[in-house]
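Right, one structure below, let's go through it.
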Amino acid sequence: MFLSWNIRTVHGFTTLYCHVHTHNTDIVLLQEVFVRRAQFHTPKLLPGYAMYFSPILNGLIIYIKQSLQHKQVKTSRDEVTQDQLLQLNVADSHIHLCNIYGHKQTMKREHLPNPADKSILHMGNIN
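The opening residue of the sequence shown carries number 111 in this note's numbering; numbering runs sequentially from there.
See the structure below:
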C-alpha cells in the first residue's frame, strides 16, 4: 500500500504514524515536511522503515519498509523542482517511484524522470 501526502508540517507526524501502522502501509511519500536536517531525529523515524530525506525547498521524505528491496536513485538539488526517485525491485523487474513537490508555473519538468517510461509512478504535490 502507498501513501502520498502533502503533510505541510512536522505536527502531522502523529497522525501519519497512526495511519501507517493501522493500514500496514508499505511506502510513504511526504511533501512539505518543513523540517531541517538538524531537527530530524528519533521522533520522526518510523520503526521498520528506511527513510530518505531531502531538505531542499520545503522538504520531502520517503519511508519504505526495510523488508522491501529498493535503492535510492536520485534526489534533486533544484530549489524550484523538488523530487526524489526510488527504485523498488519486484520479482525480476523494478518500478521507479518519484516523490514530487513543485509549482506548475515554475516547475522544471526536464528535471523529472520521463513519464513515458512505464516503470515510473509520479506521486506528490504540484501546485
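Just so you know, even glycine gets a beta-carbon here, dropped at the ideal spot from N, CA and C.
Starting from residue i, trace the alpha helix (DSSP H) in both directions and tell me its first and last residue.
i: L113; result: No alpha helix (DSSP H) holds L113; the beta strand (DSSP E) holding it covers 112-116.
i: L126; result: 123-132
Provide the residue span of the beta strand (DSSP E) that contains residue i, from first to last.
i: M233; result: 230-236
Taking 8 Å as the limit between beta carbons, can you name the residues of its chain near residue i, skipping five residues before and five after?
i: L222; result: T191, D193, C208, I210, H232
i: K214; result: I236, N237
i: K228; result: none
i: A201; result: none
i: N168; result: Q141, E142, V143, F144, Q192, Y211
i: Q176; result: G158, Y159, A160
Cutting at 6 Å between CB atoms, please list the residues of its own chain near residue i, excluding the five before and the five after it.
i: I171; result: L140, V143, F163
i: Y173; result: V138, L156, Y159, M161
i: K184; result: L195
i: T135; result: M111, L113
i: T216; result: V190
i: I205; result: L198, S229
Return the chain-ordered list of same chain residues with a C-beta closer than 7 Å to the C-beta of residue i, the five sequence neighbours on each side being excluded.
i: H133; result: M111
i: L178; result: D136, L198
i: G234; result: S114, L139, Q141, N209, I210, Y211
i: E220; result: none
Would the stretch 112-122 and the stretch 138-147 be scored as touching if the rule is three or more Cβ pairs under 8 Å?
Put simply, the stretch 112-122 touches the stretch 138-147. At least three CB pairs are less than 8 Å apart.
Please list the segments of the beta strand (DSSP E) lying wholly inside the stretch 132-203, counting only runs of 3 or more residues, in order along the chain.
DSSP runs (the beta strand (DSSP E)) wholly in the stretch 132-203: 137-141, 159-164, 170-175, 180-185, 191-200.
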